[in-house]
Amino acid sequence: MTRWERSVPVYGVPVITRGFWALLALIAVGLVLTAVREVVGLGSNISGMSDPFAWGLWKTFNVMVLTGLGSGGFAIGIAAWIFNNKKLHSVMRVALLTSFLAYSTGLCMLGVDVGRPWNFYWVVMPWTWNLHSPLLEIAVCMSLYATVPLLLENLPPLFEYLIYEFPQWRGIAEACESAMKKVYPFIIGLAYILPIMHQSSLGALMILGGNRVNTLWQTPFLPLIYVWAAAFLGYNCVVLCVLLAKLAWKRDVDPDVLAELNKLTVWIVYSWTAFRFVDILFRGKIAHLFTDPYALLFWTETALILGPAYILSTEKGKKLSTMFMAHAVCALGGMIYRFSPTTLAFHAKDGATYFPSAIEFIVSISFVAIAVLVYLLAVKKLAILPGSNAEWLKMAKYEEQVKPGIQLTGYAPVEH
Amino acid sequence: MAMTRREAFKNLAKGSLPLLAAGCVSTALPEVAHAEEEKVAPQGALGLLYDATKCVGCKSCMVACSQANDLKPDTRTDGLHQAPPALNYFTKNIIKLYRTADGSDHSYFKQQCMHCIDPGCMNACMFGGLRKDEETGVVWWFGGKCVGCRYCEIACPFHIPAFQWDGFNPKIVKCELCRDHIAKGAKQPGCSEVCPTNAVIYGKREDLLKEAKRRIAAAPGKYFEGKVYGEHDGGGTQVLYLSRVGFDKIGLPNLGENSIPSGLKYSHMLYKWMALPVALYAGMVAFAGKNFKQHTHHLVDDQKKTGLRPQL
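Line order of the protein sequences matches chains A and B.
Residue numbering for the first sequence follows the working numbering, starting at 1187 and increasing by one per position.
Residue numbering for the second sequence follows the working numbering, starting at 15 and increasing by one per position.
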């Protein structure tokens, strides 16, 4: 049985593949369409958005859904560093990388979506802030999170890369690393409080939607339900990433860590679902669960999220293929949930509908492609994906053959 | 009723916020719910009173509005007539027709910004791109602070702010009660100035409210529910409506008496003085610090065993 003891780069596979070129082509198309959008505007020839449905795919999918999936960095981080769940340290680097990519591409997408992005510079002038606006809270917290704590948390693999591959940089990289160690608890504290704040504010956004958001979703506790959904989405995403690594590059899995991740996913999903029902009960909307035209959507979400969680809690969930499907379906349910208050269960105006245009889809996917491309590059060059010490030794042997002079074992610490 | 609901929230919060320090929240909840002061209209609040029973649907107010605001007429429907289907970035004011399927009943109605006392759009706006004039209460758009995020459109229950969907450097377009037009010397907004039947009149909100109530008293049973829409609806608006048919028929949603931003009062108290976030941060740093120390010791031990460089 394999133990995940350290992060090991994916080795012995080409970086430039056909998939790499395909992603690059998609990104190129997306960037051209983005340029067109900037000049032409967001009108009906570009997007499916309209005054009643002023928010579309780019905000809901690339920001709300993807930062939800990219919440592993804080959701798993809190379990690992605050609740001292030692097993989970092994997947932290995957969590942090997915978080960073989700947030950074999401923020770029936001810049494309808004009409006057150049006015965003006010964000650095706190006296212009409207402290009542949930969106202001998100704008400040999300940009701060992505550019400071999350970025810093992602630096150690880069430092290591420099240390191993560029001996002349070793001194500086090690100095940076040890400096980071001194302030690390302050960084990760920030890396947890900021997402708790802005992931909940994503929910607070739609409170201002008033009764246009269907009553099954609209609640003063929307912020709490949103941040909680982010938590299980983050777990889903990280488990899917390590299982995909097994599928794509035959990386070994540590059943203990996976069991721990599954256990926490199940716990978060159960409590989240229970809370939603209790909320509906206390608001006196139980009847809507059966009579409301949107009830089917509610039950679909609940089934897609709760069903897989139940499977994960049984013996069947230990089989990797079942586990993969369960997390994928659960993530799908969570993503649909995040679509509901803004789009699916949002009754904008009688007769008003929204369906994203082809251009919206392509641009949206092309920004995801940027994240995927950087992820693939990163896991092949840097120590991100979890593996065993034995795996590291195998990797070292391979790399030392390919790149003579490189030394990946027998490390002697520098005295400071 | 109010008491049980508050208790309900309190219990909910208690049972469900281990993540967010439940105690803090539930004790602060009832207090803050009271502390949130109700917003009132400014002293010199200006507005419109639109009486749907007087409107003949001539649409001259739409033309006058376009002229007063230097708006291009929206002729996109047939390339000839100014015939916008709804409020949009060409159109700050519109006359529409409500008619039953069999044509037995109808009423015209006018749509423009309601100039809410506690506007959802302004509450939503990040940097103050939408503002409320302190003296007149007119809600207006300031482009220098607008990011074009369109959150105002989500937050407005009346579907008023319109985004300029086409072209570079888009604007948010909405009725500003002709504040520029009046600053240039006009006595009143374009719409009320030209209305041939005085279906829409301009004045101070308190005077308009008195006039509306006078009309209701003078003709009992004429007006829907004997009510002035906007006196209390959505926390009160500076544009007031009288109608014979139901308000929901003429595009005025049933909002209750609470303003849209008041829905956020439970969220705001989590951020009161930033006390809760700061306390949470301090607590997490303390735990993380302790666990981090343990973890680094563990890393050093590992390195001695394996000879591999420890990973942070």
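From the three backbone atoms N, C-alpha and C, an ideal C-beta is built for every residue, glycine too.
Where the alpha helix (DSSP H) containing residue i begins and where it ends
i, result
"B/Ser-74", "74-82"
"A/Phe-1615", "Within the shown structure, residues of chain A are numbered from 1187 to 1602, placing residue 1615 of chain A beyond reach of any answer."
"B/Ser-121", "Note, B/Ser-121: premise wrong, no alpha helix (DSSP H); beta strand (DSSP E) at 120-125."
"A/Lys-1566", "1544-1567"
"A/Gly-1227", "No alpha helix (DSSP H) contains A/Gly-1227, which DSSP labels as neither H nor E."
"B/Val-161", "Careful: B/Val-161 lies outside any alpha helix (DSSP H) and carries neither H nor E."
"B/Tyr-255", "B/Tyr-255 -> not in any alpha helix (DSSP H); beta strand (DSSP E) instead, spanning 254-256."
Any chain B beta carbon closer than 8 angstroms to residue i
i, result
"A/Val-1428", "no"
"A/Asn-1248", "no"
"A/Gly-1357", "no"
"A/Ser-1612", "Since the first and last residues shown for chain A are 1187 and 1602, residue 1612 of chain A lies out of range."
"A/Asn-1340", "no"
"A/Ala-1240", "yes"
"A/Asn-1363", "According to the sequence shown, residue 1363 of chain A is Glu rather than Asn. Chain B, which has a Cβ nearer than 8 angstroms to the Cβ of A/Glu-1363, makes this yes."
"A/Leu-1388", "no"
"A/Trp-1403", "no"
"A/Asn-1575", "yes"
"A/Asn-1270", "yes"
"A/His-1275", "yes"
"A/Val-1225", "yes"
"A/Leu-1394", "yes"
Nearest candidate by alpha-carbon position, reference residue i, set the options
i, options, result
"A/Ser-1236", "B/Ala-226, B/Asp-65, B/Ala-100", "B/Ala-100"
"A/Val-1326", "A/Val-1309, A/Leu-1571, A/Tyr-1412, A/Leu-1506", "A/Val-1309"
"B/Leu-223", "B/Gly-270, B/Val-253, B/Ala-66, B/Gly-181", "B/Val-253"
"B/Asp-119", "B/Lys-286, B/Arg-258, B/Leu-326", "B/Arg-258"
"A/Met-1250", "A/Gly-1389, A/Thr-1188, A/Val-1225, A/Gln-1354", "A/Gly-1389"
"A/Ala-1415", "A/Lys-1589, A/Ile-1491, A/Lys-1505", "A/Ile-1491"
"A/His-1384", "A/Tyr-1412, A/Gly-1205, A/Phe-1407", "A/Tyr-1412"
"A/Leu-1408", "A/Trp-1355, A/Phe-1510, A/Leu-1518, A/Tyr-1523", "A/Tyr-1523"
"A/Ala-1211", "A/Val-1549, A/Lys-1583, A/Glu-1585, A/Leu-1594", "A/Val-1549"
"B/Asp-221", "B/Cys-209, B/Val-208, B/Ala-233, B/Val-242", "B/Val-242"
"A/Asp-1536", "B/Lys-263, B/Lys-319, B/Pro-291", "B/Lys-263"
"B/Lys-110", "B/Val-70, B/Tyr-237, B/Cys-160", "B/Val-70"
"B/Arg-323", "A/Leu-1410, A/Gly-1596, A/Gly-1591", "A/Gly-1596"
Extent of the continuous beta strand (DSSP E) run through residue i
i, result
"A/Arg-1469", "No beta strand (DSSP E) holds A/Arg-1469; DSSP gives it neither H nor E."
"A/Asp-1438", "No beta strand (DSSP E) contains A/Asp-1438, which DSSP labels as neither H nor E."
"B/Val-153", "153-155"
"B/Gly-61", "60-65"
"A/Lys-1367", "Note, A/Lys-1367: premise wrong, no beta strand (DSSP E); alpha helix (DSSP H) at 1356-1391."
"B/Ile-109", "108-113"
Any chain A beta carbon closer than 8 angstroms to residue i
i, result
"B/Thr-251", "no"
"B/Lys-159", "yes"
"B/Ala-138", "yes"
"B/Gly-181", "yes"
"B/Phe-306", "yes"
"B/Arg-164", "yes"
"B/Phe-261", "no"
"B/Tyr-122", "no"
"B/Ser-80", "no"
"B/Thr-41", "For B/Thr-41, the predicted model reports a pLDDT of 39, less than 50, meaning its position is unreliable and no value from the coordinates is stated."
"B/Tyr-243", "no"
"B/His-173", "yes"
"B/His-48", "A caution first: B/His-48 carries a pLDDT of 45, below 50, which makes its placement in the model too unreliable to give a value."
Test: residue i CB closer than 8 angstroms to a CB of chain C
i, result
"A/Pro-1527", "Among the protein chains in the structure shown, which are A and B, there is no chain C."
Does the segment 1315-1329 of chain A touch the segment 1449-1463 of chain A, meaning 3 or more C-beta pairs lie closer than 8 angstroms?
In this structure the segment 1449-1463 of chain A does not touch the segment 1315-1329 of chain A; the number of beta carbon pairs closer than 8 angstroms is below three.
May I ask you to verify whether the segment 1215-1224 of chain A touches the segment 143-158 of chain B, counting CB pairs closer than 8 angstroms and requiring at least 3?
The segment 1215-1224 of chain A makes no contact with the segment 143-158 of chain B, as fewer than three CB pairs between them are under 8 angstroms.
Below 7 angstroms between beta carbons is the criterion; list the residues of the segment 1466-1479 of chain A that meet it against any residue of chain B, in chain order.
Only Phe-1468 from the segment 1466-1479 of chain A bring a Cβ to less than 7 angstroms from some Cβ of chain B.
Counting pairs of beta carbons, one from the segment 1267-1278 of chain A and one from the segment 298-309 of chain B, are three or more of them closer than 8 angstroms?
Touching, yes.
Inter-stretch contact at 8 angstroms, needing at least 3 Cβ pairs: the segment 1241-1251 of chain A / the segment 1511-1531 of chain A:
Contact between the segment 1241-1251 of chain A and the segment 1511-1531 of chain A is present, with at least three C-beta pairs closer than 8 angstroms.
Are at least three pairs of beta-carbons, each pair with one atom in the segment 1547-1565 of chain A and one in the segment 1270-1287 of chain A, less than 8 angstroms apart?
Contact holds: three or more Cβ-Cβ distances are below 8 angstroms.
Identify each residue in the segment 290-303 of chain B for which the Cβ-Cβ distance to at least one residue of chain A is less than 7 angstroms, and report them in chain order.
Shown in chain order are the members of the segment 290-303 of chain B whose Cβ falls below 7 angstroms from a Cβ of chain A: Pro-291, Leu-294, Tyr-295, Met-298, Val-299, Phe-301, Ala-302, Gly-303.
Any C-beta of chain B within less than 9 angstroms: which residues of the segment 1299-1311 of chain A qualify?
Cβ contacts with chain B: Asp-1299, Val-1300, Gly-1301, Arg-1302, Pro-1303, Trp-1304, Asn-1305, Phe-1306, Trp-1308, Val-1309, Met-1311.
Do the segment 130-144 of chain B and the segment 1370-1381 of chain A touch if we need at least three Cβ pairs shorter than 8 angstroms?
Contact between the segment 130-144 of chain B and the segment 1370-1381 of chain A is absent, because fewer than three Cβ pairs lie under 8 angstroms.
Which residues, in order along the segment 1187-1214 of chain A, keep a beta-carbon less than 7 angstroms from a beta-carbon of chain B?
Residues passing the 7 angstroms Cβ filter: Arg-1192, Ser-1193.
Can at least three beta-carbon pairs, one atom from the segment 178-185 of chain B and one from the segment 1350-1357 of chain A, be found at a separation below 8 angstroms?
Contact between the segment 178-185 of chain B and the segment 1350-1357 of chain A is absent: fewer than three C-beta pairs spanning the two stretches fall below 8 angstroms.
The segment 107-127 of chain B / the segment 1289-1307 of chain A touching (three or more Cβ pairs under 8 angstroms):
Too few Cβ pairs lie closer than 8 angstroms, so no.
Within 8 angstroms, do at least three Cβ pairs link the segment 1390-1407 of chain A to the segment 1531-1538 of chain A?
Segments in contact, yes.
Listed in chain order, which residues of the segment 102-115 of chain B have Cβ atoms closer than 8 angstroms to some Cβ of chain A?
For the segment 102-115 of chain B, which is checked against every Cβ of chain A, the residues closer than 8 angstroms are Asn-102.
Do the segment 1187-1206 of chain A and the segment 1569-1579 of chain A touch if we need at least three Cβ pairs shorter than 8 angstroms?
The segment 1187-1206 of chain A, when compared against the segment 1569-1579 of chain A, does touch it at the 8 angstroms Cβ threshold.
Is it a yes or a no for the segment 87-98 of chain B touching the segment 132-140 of chain B, going by three-plus beta-carbon pairs under 8 angstroms?
In this structure the segment 87-98 of chain B does not lie against the segment 132-140 of chain B, because fewer than three pairs of beta carbons, one per stretch, are closer than 8 angstroms.
Looking at C-beta atoms only, is the number of pairs between the segment 199-209 of chain B and the segment 76-89 of chain B that lie closer than 8 angstroms three or more?
In short, these stretches touch, since the Cβ pair count reaches three.
Would you call the segment 1504-1524 of chain A and the segment 1419-1426 of chain A in contact, with 3 or more CB pairs under 8 angstroms?
Yes, the segment 1504-1524 of chain A touches the segment 1419-1426 of chain A.
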